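Asker: Numbered per mature numbering (1 follows the signal peptide of the UniProt record, and there is no 0), the sequence shown spans residues -21 to -1, 1 to 140. Glycine residues also receive a C-beta, built at the ideal position from the N, C-alpha and C atoms. Only a predicted model underlies this, so the values are computations on that prediction, with no experimental measurement involved. Please find one structure pasted underneath; my questions will follow.
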Amino acid sequence: MRVSQFALMVLTTFLGHQTNTALTQSFDAYGVTHRGFSCNGHEFMNPDIYAQANFACMGGKLNHTITNDANVKREFMFFLPYIVDNVRDSISTGFLYVAPLFRKDVKYMQDTFISQNKNVGPDRLVLNEYCDVITAITYRRIRDETGQYTYPEIQNCIEFQ
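This is the structure we're talking about:
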């Protein structure tokens, strides 16, 4: 009996005391981490985001063929002032680029994007030159009083736990 009490005490000391109290934030090896982005009601989980960041960063280096593509830059030509104004510490991350953030069938969409040069949708990842994901952004078009669509309004996607 004494051995099992001693073992329990040692394990509790080394492993920490476990409780069933809910944590208010998600933790991983890097500290508090969000679990994905929600862009206009569509949720992107971290594995999808990382796969798509990897698509834009072949071998850890930014693939400028993708980030400079006209379809990727369309509607986001003036994203940089928005990011600088709305994303904390964005200036200290280095030069920023946009990459496609596909909503479904990621592998198929990546292959189609490369081979057929199609529209990539409204959502983008914002990456720095080291391929770190800074944020995700999206746009929506607003109708004016005459029913015509105005210029696109860029918005941050919402991080969720």
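Quick one: what does DSSP say residue 38 is sitting in, helix, strand or coil?
Answerer: helix
Asker: Distance check for residue 54 and residue 121, CA to CA, integer angstroms please.
Answerer: 13 Å
Asker: With hydrogens ignored, establish whether the beta-carbon of residue 106 is closer than 7 Å to any heavy atom of the ligand SAM.
Answerer: Judged by which ligands are present, the structure shown has none, so any question about the ligand SAM falls away.
Asker: Report the option in 14, 40 and 112 whose CA atom is closest to the CA atom of residue 80.
Answerer: 112
Asker: If you follow the beta strand (DSSP E) that residue 99 is part of, which residue opens it and which one closes it?
Answerer: Per DSSP, residue 99 belongs to no beta strand (DSSP E) and is neither H nor E.
Asker: Using CA atoms only, rank isn't needed, just tell me which of 23, 66 and 34 is closest to residue 133.
Answerer: Nearest to residue 133 by C-alpha distance, out of 23, 66 and 34, is 66.
Asker: In three-state DSSP terms, what is residue 118?
Answerer: Residue 118: strand per DSSP, three-state reduction.
Asker: Given residue 73, which residues of its chain have a CB within under 6 Å of its CB, disregarding the five upstream and five downstream residues?
Answerer: 107 and 108
Asker: Does the beta-carbon of residue 138 have 16 or more other beta-carbons within 10 angstroms, so that it is buried, or is it exposed?
Answerer: exposed
Asker: Is it true that the CB of residue 99 sits closer than 8 Å to the CB of residue 50?
Answerer: The Cβ atoms of residue 50 and residue 99 sit closer than 8 Å to each other.
Asker: Between 129, 127, 125 and 117, which has its C-alpha nearest residue 135's C-alpha?
Answerer: Relative to the Cα of residue 135, the nearest Cα in the group 129, 127, 125 and 117 belongs to 117.
Asker: Is the separation between the beta-carbon of residue 77 and that of residue 46 shorter than 8 Å?
Answerer: yes
Asker: Could you tell me which residues DSSP puts in a beta bridge with residue 22?
Answerer: 17
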